[in-house]
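All residue numbers for the sequence shown refer to the working numbering, where the first residue is 1 and numbers rise by one.
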Amino acid sequence: MQPIKNKYLLLLGALAVSSLYFIWLYVVMKNLFDIIYLRAAQLEVSYNFATIPVQLWIFSIFIFGGLFVASNGKLKLPNRIKRIYMTVIPVASLAISIGLGVVLKPMLIKHLTNNDYQLTETIQASKPWYFDKEVYELNITNISSAH
Numbered sequence: 001m002q003p004i005k006n007k008y009l010l011l012l013g014a015l016a017v018s019s020l021y022f023i024w025l026y027v028v029m030k031n032l033f034d035i036i037y038l039r040a041a042q043l044e045v046s047y048n049f050a051t052i053p054v055q056l057w058i059f060s061i062f063i064f065g066g067l068f069v070a071s072n073g074k075l076k077l078p079n080r081i082k083r084i085y086m087t088v089i090p091v092a093s094l095a096i097s098i099g100l101g102v103v104l105k106p107m108l109i110k111h112l113t114n115n116d117y118q119l120t121e122t123i124q125a126s127k128p129w130y131f132d133k134e135v136y137e138l139n140i141t142n143i144s145s146a147h
């Protein structure tokens, strides 16, 4: 009875982490779309969006782990697929994340400044694994003087 109980606990834990992942993904994507479509007078820009490829790979670990546990360890992958999944995909997702951070964040900042947003403050990260946030606000005086 003990192995079955452990299997259910592992599956429940993977389900809980998966649901939290979707909440995190929604918040990051909403923030990114708010910046792209200028949906607010105050917008925060950070590197959170750049972690999406790495987070997707980590999420896939929970999916494959859940399938492995549910199949009682009978799920066997060829060595080539294991090697690709455990070396190529993490390196590629890390490279894509770095590329997104290096290229996309300056583009987002330029997009905001071209649309009359100004940097009002930089919120320093409270922990080393958090990202600094730059807060941009719409310059209303510049818009009203243009009309």
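C-beta: ideal position from N, C-alpha, C; glycine also.
Who are the near neighbours of Lys35 in its chain, counting only those whose CB is closer than 8 Å to its CB and skipping five residues on each side?
The question names Lys, but residue 35 is Ile in the sequence shown. Within the same chain, Ile35 has close Cβ partners Leu43, Val45, Leu108, His111 and Leu112.
Give me the Cβ distance between Gln118 and Glu137, rounded to the nearest whole Å; I'm assuming they're in contact under 8 Å.
6 Å
Beta strand (DSSP E) runs contained entirely in the stretch 51 to 86, provided each spans 3 or more residues:
none
State buried or exposed for Gly73, treating a residue as buried only when at least 16 other CB atoms are found within 10 Å of its CB.
exposed
Might you give, ordered along the chain, the residues of its own chain that have their beta carbon closer than 7 Å to the beta carbon of Ala40, omitting 5 neighbours on each side?
Asp34
Identity of the residue in Val103, Ile52 and Leu67 nearest Asn31 by Cα
Ile52
Which whole-angstrom value describes the C-beta separation of Pro90 and Trp57, a residue pair presumed to lie in contact below a C-beta threshold of 8 Å?
6 Å
Buried/exposed call for Asn114, threshold 16 Cβ in 10 Å:
exposed
Measuring straight from C-alpha to C-alpha, what distance separates Ser60 and Tyr85?
10 Å
Taking the alpha-carbon positions, what's the Phe68 to Asp116 distance?
52 Å
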